[in-house]
Amino acid sequence: MTGAIQEMIELLARLPGVGRRSATRLVFHLLDASPEYAHRLGTALCQFHNQIERCSECANVSDMNPCPVCSDPHRDPKVICVVENIPDLWAIDAGGTYRGVFHVLHGLLAPLDGVGPDDLNVDLLVHRVEQGDIQEVIVATRPSVEGEATAMLIRQALEEQSVKVTRIASGIPLGSELEYTDSRTLERALQDRKEI
Ligand SMILES: [Zn+2]
405 MTGAIQEMIE
415 LLARLPGVGR
425 RSATRLVFHL
435 LDASPEYAHR
445 LGTALCQFHN
455 QIERCSECAN
465 VSDMNPCPVC
475 SDPHRDPKVI
485 CVVENIPDLW
495 AIDAGGTYRG
505 VFHVLHGLLA
515 PLDGVGPDDL
525 NVDLLVHRVE
535 QGDIQEVIVA
545 TRPSVEGEAT
555 AMLIRQALEE
565 QSVKVTRIAS
575 GIPLGSELEY
585 TDSRTLERAL
595 QDRKEI
């Protein structure tokens, strides 16, 4: 194998979910593809990092600032849903029922892994609440030790503000059986019960 082929395989094999075998297959696929496609892919990759920026309001990433979510006039800017990362934002937004805006933390509180309060995007959230007429902040971090600790951090950070801070219910996955659900999830599901 020549150096260029080896280099391409090594670069592609670093991508998540792509092992050496898949990388090798991709490289030979690219060699067989039209030069125009390879050129477009290369150009898009080169420009990618320069085109994408963080939204100055919510820290979402896109090629617009403010991002398409913050610029959408059909959303309710008075309700902010706080998420750990961009895939979580997309997951909640794909549901289609939530029509407020978001705030991306880019992490969760994890002191043992060296992630402290200053590493999360909480100051910007407090600033948004101070500046705007925000009615509710929904903390949608996952139900783990880190997710709960982060939710507490946000509640404390917003203590001085007259804003309602809520936490999503962590229920039992649809279709699962109660007996296989861990006791903490069951406990949370009971606590967060809604009237029917
Ligand atoms: Zn935004």
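So the sequence shown is numbered by the numbering used here: it starts at 405 and just counts up by one.
Yeah, the Cβ is synthetic: ideal placement off N, Cα and C, and Gly gets one too.
None of the values given here were measured: they were computed from a predicted structure.
Item: Local Cβ density within 10 Å of residue 578, reported as buried at 16 or more and exposed below that; Value: exposed
Item: N- and C-terminal bounds of the beta strand (DSSP E) containing residue 481; Value: 480–487
Item: Beta-carbon gap between residue 458 and residue 479 smaller than 8 Å; Value: no
Item: Residue 596 versus 585, 581, 570, residue with shortest Cα-Cα distance; Value: 570
Item: Residue of 542, 518, 427 minimising C-alpha distance to residue 568; Value: 542
Item: Assigned exposure category for residue 419 - 16 Cβ within 10 Å defines buried; Value: exposed
Item: Contact belief for residue 471 with residue 462 at Cβ below 8 Å, rounded distance in angstroms; Value: 6 Å
Item: Minimum C-alpha distance to residue 515 - residue among 553, 545, 532; Value: 553
Item: Beta-carbon separation (whole angstroms), residue 427 vs residue 442, contact threshold 8 Å; Value: Between residue 442 and residue 427 the Cβ distance is about 16 Å, and since that is not below 8 Å, they are no contact.
Item: Endpoints, the alpha helix (DSSP H) within which residue 440 is located; Value: 439–455
Item: Residues that DSSP places opposite residue 504 in a beta bridge; Value: 480
Item: Opposing strand residues paired with residue 460 [DSSP bridges]; Value: Paired residue(s): none; residue 460 is not in a bridge.
Item: Euclidean distance between Cα positions of residue 449 and residue 468; Value: 18 Å
Item: Closest by C-alpha distance to residue 525, when choosing among 557, 536, 434; Value: 557
Item: Start-end ranges of the alpha helix (DSSP H) lying completely within the segment 507–539, minimum 4 residues; Value: 526–535
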